[in-house]
Structure formats: structure tokens, C-alpha cells
Ligand SMILES: [Zn+2]
């Protein structure tokens with residue numbers, strides 16, 4: 495497709511209405527069988543999925559989104575709220591429930607204490623500090639998971655980066671740089687390990703050939719389970735933050 499398969503579409507404030515301007519995540523889905531442009535709101539991811547038949551492009555999709563703007567706004571508003579990082583919020587870390595504990599007078603930034611993520615300092619910095627903590631934690635854990643896989647295949651990533659990519663969990667650039675979503679740190683370790691194994695295997699085979707999948711199978715037995723976990727639970731990880 496000549497345009498990205500997902501993007502954020504901004505709906506401006508309707509004239510005279512109280513509705514705020516909203517940015518809606520849209521996923522474009524090309525379908526050879528569809529006969530008309532259609533849309534649905536995915537309740538798990540809070541994404542508007544627009545199905546485009548052959549010869550219908552992004553422009554037709556955008557027109558349909560504008561036409562059904564009110565309906566989309568209502569559907570999005572009715573969704574379960576995204577988890578926002580706040581004191582006493584529960585979130586997953588390595589697939590296990592942890593709670594955010596705010597200790598405004600303590601020092602030390604953010605750190606783990608058993609099943610608590612302790613965040614110090616003023617409330618206004620809490621969200622940022624939790625995010626930073628999770629990013630650093632993601633980088634550390636992914637780095638650890640990378641080592642045995644890279645050693646097993648005799649490869650070495652040029653660099654490992656952690657980003658907030660919402661369209662993919664991991665990627666491998668032709669120059670050997672691996673990139674991962676920091677949100678993987680919330681998933682069970684065996685799920686993250688599969689994503690890491692997958693990207694490390696791309697350092698040997700930058701494709702999805704049978705040879706590539708054979709390498710993945712050498713590294714992890716969890717391919718099917720992890721793909722399924724990310725399919726079912728992954729979208730919720732995108733609504734946290
Ligand atoms: Zn791949």
C-alpha cells in the first residue's frame with residue numbers, strides 16, 4: 495500500500511460543539527474481497543479499522559471517517575478507559591501485576607520494591623517517571639534476553655533501541671540495529687523473549703523464509719503462544735501510559 499497501514503487522524507472540534515478535538519488511531523486494512531469502504535471500532539485497541547476494497551484509497555477512508563465522526567466519537571468514549579499512570583494504578587511488569595506507589599517525599603526517582611513501582615517526587619512528574627522507568631527497564635531486560643540468542647547464532651546487533659512504536663513490537667534494520675517497543679516490558683518474559691529471538695534471527699535472515707523460522711525455532715519454543723498472547727493482550731498494552 496502506498497501509505498502507512500496505520501496512522502493517527504485528527505478530528506477537529508466540531509463547530510459549536512463541546513466535543514474536544516480528538517486524535518484517533520486508524521488502521522487501514524486492504525481487502526481484495528471487500529466491496530465497499532467500511533469501518534469499525536476495535537474495542538480492545540481503541541483503533542478505528544477501515545477496510546478498503548481494491549481501488550479505494552486513503553482519501554475514501556478519510557471521507558467515511560468524517561461522515562461517521564459522531565458515531566466514532568461515541569464509540570471511542572464508551573470504551574474502557576486506557577490505564578493512566580497514577581498513584582495506586584495497577585500495571586503489568588513481566589506479565590505480573592504491579593502497583594504504582596507514590597512517595598512524594600522520598601528520593602531516588604523510580605524503583606522496584608517487590609510488586610510495587612515506587613515513584614518519588616512531585617505528583618506532576620509521576621507519569622513521566624513511570625514511563626522513563628519502564629523504558630529503562632525494558633532496555634535492560636531486552637538487552638539481557640538478547641545475549642544468549644545472539645551468542646547461539648553467532649551474531650551481534652549493531653545497537654539495541656527501545657522506542658514507543660505502536661505499529662510493531664520489534665524490528666531489525668538492514669544495518670543490524672534492533673528496535674523494540676518499551677511496552678514489551680509489561681508482557682510475560684517468554685513473550686518478550688520470543689520477540690527478541692525473532693529480531694535476533696533477522697540478523698542472520700532478513701526475511702520470513704523457512705530458514706528464518708527454523709532459526710527462530712532453535713531459539714524459542716514459544717512462537718505460537720507468544721504470537722497469540724500479543725494478538726489478544728497486546729492492544730491493551732498500547733492503551734497504557
Ligand atoms: Zn520478522
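Residue numbers (the working numbering): 495 to 735. Here a beta-carbon is modelled for each residue, glycine too, at the ideal position from N, C-alpha and C.
{"Asked": "Neighbourhood of residue 657 by C-beta, 8 Å cutoff - its chain only, sequence neighbours within 5 removed", "Found": "673, 674, 675 and 676"}
{"Asked": "Neighbourhood of residue 725 by C-beta distance below 7 Å, restricted to the same chain and skipping five residues each side", "Found": "none"}
{"Asked": "Three-state secondary structure assigned by DSSP to residue 544", "Found": "strand"}
{"Asked": "Pair within 8 Å by beta-carbon distance, residue 600 and residue 611", "Found": "no"}
{"Asked": "Assigned exposure category for residue 620 - 16 Cβ within 10 Å defines buried", "Found": "buried"}
{"Asked": "Where residue 496 falls, given that 16 or more other Cβ within 10 Å makes a residue buried", "Found": "Note that residue 496 has pLDDT 46, beneath the 50 cutoff, so the model's placement of it is unreliable and the number below is only indicative. By the 10 Å Cβ count, residue 496 comes out exposed."}
{"Asked": "Residue 596 to residue 579 span [Cα, whole Å]", "Found": "11 Å"}
{"Asked": "Bridge-paired residues (DSSP) for residue 522", "Found": "544"}
{"Asked": "Distance between beta carbons of residue 652 and residue 664, contact taken as under 8 Å", "Found": "Incorrect: roughly 15 Å between the Cβ atoms, too far for contact."}
{"Asked": "Sequence-ordered residues whose beta carbon comes within less than 6 Å of a heavy atom of ligand 1", "Found": "692, 696 and 702"}
{"Asked": "Spatial distance of residue 624 from residue 560 (CA atoms)", "Found": "36 Å"}
{"Asked": "Reduced DSSP secondary structure (H/G/I, E/B, other) of residue 727", "Found": "helix"}
{"Asked": "7 Å CB neighbourhood of residue 499 in its chain, flanking five on each side removed", "Found": "521 and 522"}
{"Asked": "Within 8 Å, strictly: CB atoms of residue 588 and residue 683", "Found": "yes"}
{"Asked": "Bridge-paired residues (DSSP) for residue 675", "Found": "657"}
{"Asked": "Environment of residue 541 [buried if 16+ CB atoms lie within 10 Å]", "Found": "buried"}
{"Asked": "Cut-off 6 Å between Cβ atoms - residues of its own chain near residue 720, not counting five sequence neighbours on either side", "Found": "685 and 688"}
{"Asked": "Sub-8 Å separation of residue 533 and residue 680 beta-carbons", "Found": "no"}
{"Asked": "Same chain, Cβ closer than 7 Å to residue 649, neighbours up to 5 away in sequence not counted", "Found": "694, 697 and 698"}
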